[in-house]
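> Protein chains in written order, with this note's numbering: chain A, 7 to 297; chain B, 642 to 1089.
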């Protein structure tokens, strides 16, 4: 006998969880799709964003300022990372990129641990989204509802930038053939720098938005990174709509499985990923992928 | 080759003693020959290599990353303060045991720290490294019972004494007990026996309970113990939400709890998992609808989730700093800790400090670092003073008999200072809380 109230509330919770995963994964997939870099420091960007937001909130006491300043900071970190290290690895084997970004992730964790210690840090929900809202079939934290809206707007902005602007057109052209774009007189590497920054910012933004939901610690990005990779594998590596779809699917799997047996929720995520990989090796919305 | 050399040593010593007996004008009685042989100490574990110089080495393996990192750092503070006090001959050490002098058997104590990440395999690797590279005479530390159990087995195999740090599973001194391990802290069964009667008395009979359980030995044994004892009040379980260690989003589990109709939430999660689950439970309105309780309270929890979320919450713990009003040694310990670290100690620090102090006491009483002798000293039932009164190890399972402290979260307005989170409402004597030594299947192995 299915308890429909439970099922609906878990499905709704899956949507909220999935929205956040979609945002984090979209940053990861944009970087991979454009630059071909498997950025294992992406989880660290989520964490750095959270701490940047925490610091900004400490100074200003404003949620909006925390989101704005924190995001800008991660954008800057992403740009510096790309200029200083990542660009030297564009033409190197995948394993080199994986190792260097993995190492960068560890460095970020240790730097943050040095300055902030291991105790968790958090930020309160903004006053306009605090408390609990009745949805008729369940009570739900108001801020988590707000997260869906905030993430939807962020994803829409990302979509518009990628699909409705000149920058986005160049980025997408770069994904297809970066040599051709370069030969057309467009400084592809400058575009790459911006793309890496935007990708990092998507994770950092998610880190800040998540701060009132779950307090952060230096290594919180580790679990997020694994989930983000599962999401983009399900959705299709390099596909922006795939990241969104994959995020929503992952959120629903985690939530609904946990209603039946919480112990199996993460296992089920990987089971679904495996089924998708077997049926569609390039993911649900992926294409042939990069060479 | 080494064995032959040892045999030669034995024969030579026996020979000399026999000669001495003969010189005394009497034959050495048979019993004394046996005794002379038993006192001989063949190489075992890191003995004698680890204690042949002017210093001995203590290996500390605790999580410095992951879910239990903050608790690991707290333990380290306790260990380092203890080592400093042992080397300096601090008055607190002398008050814990008059046997403790400067150093341990006159040797300075050195130490090394390795990150276990709360993973059993990493902890075992650290253990092996401390033995092979540093010839550690004792190894200590754990926050997860999974790593404590793994280190127990390694200690028994390698014949090196191991002292768990924080470890709440019944198994650590239950089915996974070993001759070479000695646990200081309270555990699932004692926690349940101490806290459940307080809960039934406070909240009444026939309550519905929801459990939040981390998915490993600690979580499951705590749940079982609490569940067994709550039957006495007619309490029943309506849901048991099992989450993997290191979960960051508890929303799915909390929705199940919110929909379960429970009156009481027993949160067994520990470390960061406890912080995240408690904070998120507050967001879901669970804390205002149901009564939260923590049978194994996480150090720093109140600091991280805020006093407003902890007010009225009944929890069992190992040590709370305001106990200095009752115990003089707690006061001395807190003062030394504050002088060094500028904060109050949590119970990880107290556990770490006491473990090394009790080890030094056992070594001093054994007058040797030879592991079987130290184990005998531990098993003699000797009492030492501690920050929670007089305590002693139970020989049958190597579990310290010590009280369990029951606290209740203060209202933010009642706090006298920023760290005054709890009222100590009961200090439950340890002996009656403990089960029969073999109730959880403990079978100590041999010491040699």
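From the three backbone atoms N, C-alpha and C, an ideal C-beta is built for every residue, glycine too.
How many angstroms separate the CA atom of residue 833 (chain B) from the CA atom of residue 88 (chain A)?
Position 192 of the second chain, counted from the start, is the residue given in the question as residue 833 (chain B). Position 82 of the first chain, counted from the start, is the residue given in the question as residue 88 (chain A). Going from the Cα of residue 833 (chain B) to the Cα of residue 88 (chain A) covers about 54 Å.
> Just how far apart, CA to CA, sit residue 789 (chain B) and residue 764 (chain B)?
Mapped onto the second chain, residue 789 (chain B) falls at position 148. Mapped onto the second chain, residue 764 (chain B) falls at position 123. Cα to Cα, residue 789 (chain B) sits roughly 8 Å from residue 764 (chain B).
> Using 8 Å for Cβ pairs, my map puts residue 919 (chain B) next to residue 946 (chain B). What's the rounded Cβ distance?
Here residue 919 (chain B) refers to the residue found at position 278 of the second chain. Here residue 946 (chain B) refers to the residue found at position 305 of the second chain. A Cβ-Cβ distance of about 5 Å is found for the pair residue 919 (chain B) and residue 946 (chain B), placing them in contact under the 8 Å criterion.
> Could you spell out where the alpha helix (DSSP H) holding residue 155 (chain A) opens and where it closes?
Taking the first residue of the first chain as position 1, residue 155 (chain A) is located at position 149. Looking at the DSSP string, the run of the alpha helix (DSSP H) that includes residue 155 (chain A) is 148-170.
> Secondary structure at residue 83 (chain A), three-state DSSP: helix, strand or coil?
Counted from its first residue, the first chain places residue 83 (chain A) at position 77. Residue 83 (chain A) falls in the helix class under three-state DSSP.
> Can you have a look at residue 1066 (chain B) and say buried or exposed, based on whether 16 or more other CB atoms are within 10 angstroms of its CB?
The residue labelled residue 1066 (chain B) in the question sits at position 425 within the second chain. Residue 1066 (chain B) should be labelled exposed.
> With C-beta atoms as the reference, is residue 33 (chain A) less than 9 Å away from residue 206 (chain A)?
The sequence position of residue 33 (chain A) within the first chain is 27, counting from 1. The sequence position of residue 206 (chain A) within the first chain is 200, counting from 1. For the 9 Å CB-CB criterion, residue 33 (chain A) and residue 206 (chain A) form a contact.
> Which residues, in order along the segment 934-955 of chain B, keep a beta-carbon less than 8 Å from a beta-carbon of chain A?
Legend: CB atoms of the segment 934-955 of chain B lying less than 8 Å from CB atoms of chain A belong to residues 941, 944 and 945.
> Hey, would you say the C-beta of residue 790 (chain B) is under 8 Å away from at least one heavy atom of the ligand PLP?
The ligand PLP is not among the ligands present in this structure, which contains no ligands whatsoever.
> How would you list, in chain order, the residues of chain A whose beta-carbon sits under 8 Å from the beta-carbon of residue 900 (chain B)?
Residue 900 (chain B) sits at position 259 when you count from the first residue of the second chain. Going along chain A in sequence order, the residues near residue 900 (chain B) (Cβ under 8 Å) are 9, 11, 12, 15 and 144.
> By Cβ distance, which residues of its chain are closer than 6 Å to residue 224 (chain A), with the 5 residues on each side in sequence left out?
Within the first chain, numbered from 1, the residue matching residue 224 (chain A) stands at position 218. So the list reads 115, 118 and 119, once near-sequence residues are dropped.
> Starting from the C-beta of residue 272 (chain A), find all residues in its chain whose C-beta is less than 8 Å away, skip the five residues before and the five after it, and write them out in chain order.
Along the first chain, read from residue 1 onward, the residue named residue 272 (chain A) stands at position 266. Taken in chain order, the residues that qualify are 260.
> Ignoring anything shorter than 4 residues or poking outside the segment 271-295 of chain A, list the alpha helix (DSSP H) runs there in chain order.
271-285
> If the cut is a Cβ gap below 8 Å, which residues of chain A does residue 714 (chain B) touch?
Taking the second chain and counting its residues from 1, the one referred to as residue 714 (chain B) is at position 73. Within chain A, the residues near residue 714 (chain B) are 123 and 124.
> I need the DSSP call for residue 1026 (chain B), collapsed to helix, strand or coil.
Numbered from its first residue, the second chain carries residue 1026 (chain B) at position 385. Residue 1026 (chain B): strand per DSSP, three-state reduction.
> Taking Cβ to Cβ, would you say residue 807 (chain B) is nearer than 9 Å to residue 997 (chain B)?
The residue given as residue 807 (chain B) occupies position 166 in the second chain. The residue given as residue 997 (chain B) occupies position 356 in the second chain. Going by C-beta atoms, residue 807 (chain B) is not nearer than 9 Å to residue 997 (chain B).
> Which one of B:885, B:729, B:759 and B:757 has the shortest CA to CA distance from residue 745 (chain B)?
Residue numbering aside, residue 745 (chain B) sits at position 104 when the second chain is read from its first letter. Of the listed residues, the one whose Cα sits closest to residue 745 (chain B) is B:729.
> Answer with yes or no whether the minimum CB distance from residue 803 (chain B) to chain E is below 9 Å.
Chain labels in this structure do not include chain E; the protein chains are A and B.
> With a CB to CB cut of under 6 Å and the five nearest residues on each side skipped, what residues in its chain are close to residue 779 (chain B)?
Taking the first residue of the second chain as 1, we reach residue 779 (chain B) at position 138. Excluding positions up to five away in sequence, the list reads 699, 802 and 1000.
> Got a sec, what are the start and stop residues for the alpha helix (DSSP H) residue 973 (chain B) sits in?
Walking along the second chain from the start, residue 973 (chain B) turns up at place 332. Secondary structure note for residue 973 (chain B): its alpha helix (DSSP H) is the uninterrupted segment 969-982.
> For residue 894 (chain B), which residues of its own chain have a beta-carbon under 7 Å away from its beta-carbon, when the five flanking residues on both sides are left out?
In the second chain, counting from the first residue as 1, residue 894 (chain B) sits at position 253. Excluding sequence neighbours, residue 894 (chain B) sits near 853, 882 and 884.
> Keeping to the same chain, check which residues put their C-beta closer than 8 Å to that of residue 791 (chain B); ignore five residues upstream and five downstream.
Within the second chain, residue 791 (chain B) is the residue found at index 150, counting from 1. So the list reads 761, 762, 764 and 765, once near-sequence residues are dropped.
> For residue 756 (chain B), which beta-bridge partners are listed by DSSP?
Reading the second chain from its first residue, position 115 is the one you call residue 756 (chain B). The secondary-structure analysis by DSSP pairs residue 756 (chain B) across a beta bridge with B:703.
> Which partner residues does residue 853 (chain B) have in the DSSP bridge list?
As a working mapping, residue 853 (chain B) is identified with position 212 in the second chain. Looking at the DSSP assignment, residue 853 (chain B) forms a beta bridge with B:882 and B:908.
> In this structure, does DSSP put residue 1060 (chain B) in helix, strand or coil?
The residue given as residue 1060 (chain B) occupies position 419 in the second chain. Correct three-state label for residue 1060 (chain B): coil.
> Inspect the beta-carbon positions of residue 952 (chain B) and residue 1052 (chain B) and report whether they are closer than 9 Å.
Residue 952 (chain B) sits at position 311 when you count from the first residue of the second chain. Residue 1052 (chain B) sits at position 411 when you count from the first residue of the second chain. Cβ atoms of residue 952 (chain B) and residue 1052 (chain B): closer than 9 Å.
> Closer than 7 Å by beta-carbon distance: list the chain A residues that pair up with residue 883 (chain B), in chain order.
Reading the second chain from its first residue, position 242 is the one you call residue 883 (chain B). Those within 7 Å of residue 883 (chain B) in chain A are 268 and 269.
> In the DSSP assignment, what residue or residues form a beta bridge with residue 935 (chain B)?
On the second chain, residue 935 (chain B) is found 294 positions in, with the first residue counted as 1. DSSP, once it has assigned bridges, lists B:956 as partnering residue 935 (chain B).
> If you check the beta carbons only, do residue 860 (chain B) and residue 811 (chain B) fall under 9 Å apart?
Counting from 1 along the second chain, the entry for residue 860 (chain B) is found at position 219. Counting from 1 along the second chain, the entry for residue 811 (chain B) is found at position 170. In this structure, residue 860 (chain B) lies away from residue 811 (chain B), with their beta-carbon atoms at least 9 Å apart.
> Only counting the same chain, and skipping five residues up and downstream in sequence, which positions put a Cβ closer than 7 Å to that of residue 949 (chain B)?
For the purposes of this step, residue 949 (chain B) is taken as residue 308 along the second chain, with counting starting at 1. So the list reads 1053, once near-sequence residues are dropped.
> Give the residues of chain B in contact with residue 139 (chain A), contact being defined as C-beta atoms less than 8 Å apart.
Counting from one through the first chain, the residue named residue 139 (chain A) turns up at place 133. The contacting residues do not exist; residue 139 (chain A) stays about 10 Å from chain B at best.
> Considering only the alpha carbon of each residue, which of A:132, A:163 and A:162 lies closest to residue 150 (chain A)?
For the purposes of this step, residue 150 (chain A) is identified with residue 144 of the first chain, where counting begins at 1. Residue 150 (chain A) has its Cα closest to that of A:132, out of A:132, A:163 and A:162.
> Tell me which residue opens and which closes the alpha helix (DSSP H) that residue 59 (chain A) is part of.
The count along the first chain starts at 1 and reaches residue 59 (chain A) at position 53. 48-66 is the extent of the alpha helix (DSSP H) around residue 59 (chain A).
> Quick check for students: name the residue ranges of the alpha helix (DSSP H) that lie wholly in the segment 224-280 of chain A, counting only runs of 4 or more.
Listed in chain order, the complete alpha helix (DSSP H) runs (minimum 4 residues) inside the segment 224-280 of chain A are 227-241 and 246-266.
> So residue 111 (chain A) and residue 44 (chain A) are in contact, right, with Cβ under 8 Å, and what is the actual spacing, rounded?
Residue 111 (chain A) sits at position 105 when you count from the first residue of the first chain. Residue 44 (chain A) sits at position 38 when you count from the first residue of the first chain. Going by Cβ atoms, the distance from residue 111 (chain A) to residue 44 (chain A) rounds to 12 Å, so no, they are not a contact pair.
> Assign residue 1013 (chain B) to buried or exposed, taking buried as 16 or more other Cβ atoms, counted over all protein chains shown, within 10 Å of its Cβ.
One-based indexing of the second chain puts residue 1013 (chain B) at position 372. Its Cβ being crowded by 16 or more others within 10 Å, residue 1013 (chain B) is buried.
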